[in-house]
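First comes the structure, then the notes that go with it.
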Amino acid sequence: MRKTKYLGILVLAFILVGGIGCATASSDKMSSMKTEMTADDATAAIAAADAARKKAGSVSGEWRDTGKIIGEAEEAAKAGDFAKAVKLANKAKVQGERGYEQMVSQEKLRLPSYFK
Numbered sequence: 000m001r002k003t004k005y006l007g008i009l010v011l012a013f014i015l016v017g018g019i020g021c022a023t024a025s026s027d028k029m030s031s032m033k034t035e036m037t038a039d040d041a042t043a044a045i046a047a048a049d050a051a052r053k054k055a056g057s058v059s060g061e062w063r064d065t066g067k068i069i070g071e072a073e074e075a076a077k078a079g080d081f082a083k084a085v086k087l088a089n090k091a092k093v094q095g096e097r098g099y100e101q102m103v104s105q106e107k108l109r110l111p112s113y114f115k
């Protein structure tokens, strides 16, 4: 009984130590990623987000906040906060891609007979 109890505590301790180590490693990676962003990275991310927004707009699938987020990314880039600009631009890009996918998937939407 005691061996099982101590073995359980030992396994739990290893799991906790391993989790803390992983969290520390990923936070170190994130902090180094923030310092590596440049104006070119921000410009490229904003351009990709704008292209995704225009693609979604071509099928009338642009989401409400996508343009606003791109504007915020441009302002952050002008202020020199390139990490924030890239993060916002990536968020806007995903919204543009999802808006396009949403409209294409609903293009041939068939309504049930009780809606007609």
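Residue 44 in numbering that gives the first Met the number 0 is what sits at position 45 of the sequence shown, and the numbering runs on without skipping anything.
Heads up, the beta-carbon is just placed ideally off N, CA and C, and yes, glycines get one too.
For residue i, which of the options has the nearest alpha-carbon?
| i | options | result |
| --- | --- | --- |
| GLY70 | ILE45, PHE114, LEU15, LYS115 | ILE45 |
| LYS90 | SER104, THR37, ALA51 | ALA51 |
| VAL103 | GLY66, ILE19, ILE14, SER57 | SER57 |
| TRP62 | LYS107, GLU106, GLY95, ALA88 | GLY95 |
| GLU35 | THR3, LYS92, ALA82, ILE19 | ALA82 |
| ALA43 | LYS2, GLU73, THR3 | GLU73 |
What did DSSP end up calling residue i once you bin it into helix, strand or coil?
| i | result |
| --- | --- |
| GLU100 | helix |
| SER70 | Here residue 70 turns out to be Gly, not Ser, going by the sequence shown. GLY70: helix per DSSP, three-state reduction. |
| ARG1 | helix |
| GLN105 | coil |
| ASP64 | coil |
| ASP80 | coil |
Rounded to the nearest angstrom, how far is the Cβ of residue i from that of residue j, given a contact under 8 Å?
| i | j | result |
| --- | --- | --- |
| TYR99 | ALA55 | 4 Å |
| GLN101 | GLY60 | 6 Å |
| VAL85 | ALA38 | Not a contact, Cβ separation roughly 10 Å. |
Using the Cβ count rule (16 or more neighbours within 10 Å means buried), how would you classify residue i?
| i | result |
| --- | --- |
| VAL16 | exposed |
| LEU110 | exposed |
| ILE68 | buried |
| ALA76 | buried |
| PHE13 | exposed |
| ALA88 | buried |
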